[in-house]
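**Student:** This is the structure I have questions about; it appears just below.
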Amino acid sequence: MKLNDINRTSGLNLHDQVAGAIRQAIANGEVDTGERLPPAVDLAAILGVNKNTVIRALHLLREEGVLDFTRGRGVRVVGTPDETRLHTKISELVELGSQLGYDRPALANLLLND
Numbered sequence: 217m218k219l220n221d222i223n224r225t226s227g228l229n230l231h232d233q234v235a236g237a238i239r240q241a242i243a244n245g246e247v248d249t250g251e252r253l254p255p256a257v258d259l260a261a262i263l264g265v266n267k268n269t270v271i272r273a274l275h276l277l278r279e280e281g282v283l284d285f286t287r288g289r290g291v292r293v294v295g296t297p298d299e300t301r302l303h304t305k306i307s308e309l310v311e312l313g314s315q316l317g318y319d320r321p322a323l324a325n326l327l328l329n330d
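Numbered according to my numbering, the sequence shown spans residues 217 to 330.
This is how it looks when you write it as structure tokens:
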């Protein structure tokens with residue numbers, strides 16, 4: 217699985233960027249539904265971040281319904297590529313909004329009023 221580099225100068229939290237990189241890998245078909253992800257320590261080494269940052273990102277993706285944690289089976293992809301693509305675009309929009317000075321409530325307000 218190829219993962220995008222993390223941008224430490226971005227206004228986006230590292231765990232959000234890690235989650236975005238994993239979403240992108242799923243959306244690009246690099247990881248299929250049902251496939252296991254590498255251990256968090258390996259993902260952390262690949263991305264150059266702390267293992268806890270990766271774990272936080274994995275929990276975020278589990279809350280979104282993209283991943284499932286099963287004892288003894290590891291972390292598996294359960295979300296579809298379409299769902300993952302949508303989450304990826306939303307994350308990209310939030311990052312762009314952050315770079316342009318919009319916080320999440322202001323960005324949501326823009327979306328709801330268009």
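All residues carry an ideal CB built from backbone N, CA and C; glycine is no exception.
If we count the other Cβ atoms within 10 Å of its Cβ and call it buried at 16 or more, is A235 buried or exposed?
**Tutor:** Buried.
**Student:** Does the stretch 275-282 touch the stretch 297-307, meaning 3 or more C-beta pairs lie closer than 8 Å?
**Tutor:** The stretch 297-307, when compared against the stretch 275-282, does touch it at the 8 Å Cβ threshold.
**Student:** Determine, using beta carbons only, whether V247 and V282 come nearer to each other than 8 Å.
**Tutor:** Contact: no.
**Student:** At the level of alpha carbons, what is the spacing between T269 and D232?
**Tutor:** Taking the straight line from one Cα to the other gives about 9 Å.
**Student:** In the DSSP assignment, find the beta strand (DSSP E) that holds D284 and state where it starts and stops.
**Tutor:** D284 -> beta strand (DSSP E) spans L283 to T286.
**Student:** Excluding the 5 residues flanking T296 on each side, which residues of the same chain have their C-beta closer than 6 Å to its C-beta?
**Tutor:** So no residue of the chain qualifies.
**Student:** Any beta-carbon of chain C closer than 8 Å to the one on G236?
**Tutor:** Judged by its chain identifiers, the structure shown contains no chain C, having just a single protein chain.
**Student:** Below 8 Å on the Cβ atoms is my contact criterion, and I expect L323 with V310 to pass it. Report the Cβ-Cβ distance as a whole number of Å.
**Tutor:** Sure, about 7 Å apart at Cβ, within 8 Å.
**Student:** What are the boundary residues of the alpha helix (DSSP H) that includes R272?
**Tutor:** Run containing R272: K267 to E279, per the alpha helix (DSSP H) assignment.
**Student:** If you draw a straight line from the C-alpha of R320 to the C-alpha of A241, how long is it?
**Tutor:** Each residue's Cα considered, the two are about 24 Å apart.
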